[in-house]
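Trainee: Attaching a single structure in structure tokens format; questions to follow.
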Amino acid sequence: MPQADLFYSEGVAARFPELLGKIENAILEVDDRSGECKGRAHRVVDYNHPHVLLRVSMLPKPHRDAAFAAKLTERLLDLTRTEVPGVERVNVHVSFDLVHYR
42 MPQADLFYSE GVAARFPELL GKIENAILEV DDRSGECKGR AHRVVDYNHP HVLLRVSMLP
102 KPHRDAAFAA KLTERLLDLT RTEVPGVERV NVHVSFDLVH YR
């Protein structure tokens with residue numbers, strides 16, 4: 042089950058619940074075995090430049106290699122830029138974490 046954390050500057054206009062659903066769908070398009078995505082949006086009050094940062098964490102699997110990460114990152118970057126217009130600084134961080142999580 043992937044986890045998506047979307048950090049955005051105060052004043053950034055987007056429909057974040059809908060965007061989190063689109064992020065889940067984009068992940069499923071790239072990896073149809075990933076399952077549901079836990080998504081959260083976090084408004085950042087103190088910052089120096091308006092920005093959006095999307096962090097996606099997934100468990101490591103044999104098919105989730107560097108090429109997979111690059112493809113998923115580009116897909117999520119394009120989606121986020123489209124859904125959050127007017128923000129120049131958009132970053133996506135995809136990681137594969139083997140953390141004992143319950």
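Offset between the sequence shown (1-based) and this note's numbering: plus 41. Don't be surprised by glycine CBs; every beta carbon is placed ideally from N, CA and C.
(1) Once the 5 residues before and after residue 79 are set aside, which same chain residues still bring their CB inside 6 angstroms of it?
(2) Tell me the DSSP secondary structure of residue 66 in three-state form.
(3) Within 10 angstroms of the Cβ of residue 75, are there 16 or more other Cβ atoms? Answer buried if so, exposed if not.
(4) Should residue 46 be flagged as near chain C, meaning a C-beta pair shorter than 8 angstroms?
(5) Can you tell me whether residue 88 is buried or exposed, with buried defined as 16 or more other CB within 10 angstroms of its CB?
Mentor: Working from what's here:
(1) 44
(2) helix
(3) buried
(4) Absence of chain C from the displayed structure is noted, only one protein chain being present.
(5) exposed
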